[in-house]
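Protein chains in written order, with this note's numbering: chain A, 31 to 196; chain B, 31 to 196; chain C, 31 to 196.
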Amino acid sequence: MSLQDNPQQPKKATIVVFAGSLDKVMAAFIIATTAAAMGIETTMFFTFWGLTALKKGGPGECKRNWMQKMLALMLPRRADSLPLSQLNMGGMGSAMLKKIMAQKNFSSLPELIEAAQDLEVRMIACQMSMDAMGFCKEELIEGVQIAGAATYVGEARDGQINLFIG
Amino acid sequence: MSLQDNPQQPKKATIVVFAGSLDKVMAAFIIATTAAAMGIETTMFFTFWGLTALKKGGPGECKRNWMQKMLALMLPRRADSLPLSQLNMGGMGSAMLKKIMAQKNFSSLPELIEAAQDLEVRMIACQMSMDAMGFCKEELIEGVQIAGAATYVGEARDGQINLFIG
Amino acid sequence: MSLQDNPQQPKKATIVVFAGSLDKVMAAFIIATTAAAMGIETTMFFTFWGLTALKKGGPGECKRNWMQKMLALMLPRRADSLPLSQLNMGGMGSAMLKKIMAQKNFSSLPELIEAAQDLEVRMIACQMSMDAMGFCKEELIEGVQIAGAATYVGEARDGQINLFIG
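Below, the structure is given as structure tokens:
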């Protein structure tokens, strides 16, 4: 019997967060927290640029080669400092979006991340991207698991909502 | 009994249109109209930059704060004037794509939007994005509903095809 | 009886590859090959910029109008020369990613494409995009089929995992 046959069974959602821009990561967390609040078992899989949304900031103490060090310098230091995917204008666009969100009493990205944690959204960081970009677990916020693409596909296979946010 | 068990039951598709570029919005409408023409109940959910695809142009008379006014000046005025996501070259790329599409007798974006309306594709504008960007219903084309993320997730939960076009 | 009712039946996945950047195309092939290796019948549908990932390089002998010739000059010549979607820095970012992947013994994009072919991932090039961009079958790698949006929607309708990588 399939999940669909039994509406009592919780449904599943997965979201690949490939993008590292404020607007797209916020969209990912808004969908994830909405789904989780509606009783849907939700998994977010962070890969490539999306990993930066999980950084807690502070001094990185991971072992990196020179290329990874350069990359770390160029990437945002934490979720709070992500740029917009468009009209970023050197950070001004991003600052304006955050200001408007605050005026309207919408949740900020750090608040959305906290809500996701409270709602038990499962957050997975892609092993391969961590290795390639030179990220280590110590740099990431609490509660993030590290796993590979097979773990993601295994979840998505049983999901009703599977999105790729790139 | 699930939808899958009964092929007579219409299937459902949802498309989140987050992107505001001509190429991505056209892809969204091509998939949406194809699905609707195949008997699939199709919902498009427009959010962030995607909202610009629903603007009918003409003077905007919505109440906006100064940041929203600036944003309105920077965004395209209607579906017809969206840029390309790549190789836009100050609008030349976008103009060339439109010219090629016309030469090949492919539908333009305004024609695809009209086809979607005729095929009863449900178009929803994201409430929160409308508020944040300072858009109002009067600026949008006919027949667009306004609703929140929970409405989207509720539709997607029952959908067989759920895409995020970002 | 639905596919879900019978775990023995192979599940299906579809991935629309709309993006033409190295990082996104690699993500598409990593998910596709992982899914195929897990016994999921996987279809990739290449459209717009994504078509460049299927080019085998070498002299193009397709008939093109002048706009299509200009476009062909501006687009990468084959999968091996795709740019990054971010931090490309005139190709340096792309070269660095490839170098890191090689150091870590991760598969390169050409290797992932070959793996997809070996795993019988079905690759479809979008007819309409081919026509608009002036691509012809002779330019594409072996084994690619050409079909339209209805073929894609028909596959996705029965898919459990349907992603749009844009």
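Yeah, the Cβ is synthetic: ideal placement off N, Cα and C, and Gly gets one too.
Since the structure is predicted, the reported quantities are computational estimates derived from the model, not experimental observations.
Nearest to residue i by CA position, among the options, is which residue?
i: B/A67; options: B/V183, B/Y182, B/A180 and B/A146; result: B/A146
i: B/A43; options: A/L139, A/Q190 and A/F48; result: A/Q190
i: A/A179; options: A/K41, A/K93 and A/V47; result: A/V47
i: B/T73; options: B/R94, B/V151 and B/R187; result: B/V151
i: B/L52; options: B/D188, B/P106, B/S159 and B/V174; result: B/P106
i: B/M160; options: B/I70, B/T64 and B/L84; result: B/L84
i: C/R94; options: B/K134, B/V55, B/G87 and B/M122; result: B/K134
i: C/N118; options: A/M104, A/F75, A/N118 and A/V174; result: A/M104
i: A/F76; options: A/G87, A/K54 and A/C92; result: A/K54
i: C/Q98; options: B/M122, B/I130 and B/K99; result: B/I130
i: C/C166; options: C/M122, C/E144, C/C92 and C/V174; result: C/C92
i: A/K86; options: A/V174, A/D188 and A/L114; result: A/V174
Residue j and residue i - do their beta-carbons sit closer together than 8 Å?
i: B/G164; j: B/L112; result: no
i: A/F136; j: B/A57; result: no
i: C/T82; j: C/G120; result: no
i: A/P140; j: A/A177; result: no
i: C/A132; j: C/S138; result: yes
i: C/Q116; j: A/W96; result: no
i: B/I70; j: B/L193; result: no
i: A/L127; j: A/T63; result: no
List the whole-angstrom C-beta distance separating residue i from residue j, where the pair is believed to meet the contact cut-off of C-beta under 8 Å.
i: A/L142; j: A/I195; result: Rounded, the Cβ-Cβ distance is 14 Å, inconsistent with contact.
i: C/A186; j: A/V183; result: Wrong, their Cβ atoms sit about 16 Å apart, outside the cutoff.
Item to check | the stretch 151 to 159 of chain B / the stretch 168 to 179 of chain B touching (three or more Cβ pairs under 8 Å) | outcome: Yes: at least three Cβ pairs fall under 8 Å.
Checklist entry - Which parts of the stretch 132 to 189 of chain C are runs of the beta strand (DSSP E), unbroken and 3 residues or longer, counting only runs that do not cross its ends? => result Runs of beta strand (DSSP E) with 3 or more residues, each lying fully within the stretch 132 to 189 of chain C, are found at 152 to 156 and 175 to 177, listed in chain order.
Checklist entry - If you scan the stretch 52 to 140 of chain A from start to end, which runs of the alpha helix (DSSP H) of 4 or more residues do you find wholly inside it? => result At a cut-off of 4 residues, the continuous stretches assigned as alpha helix (DSSP H) that sit fully inside the stretch 52 to 140 of chain A are 52 to 67, 96 to 104 and 122 to 133.
Next on the checklist: Residues of the stretch 123 to 143 of chain C in Cβ contact with chain D at a cutoff of 8 Å, in chain order, please.
Outcome noted: Looking at the structure shown, chain D is missing, and the protein chains on hand are A, B and C.
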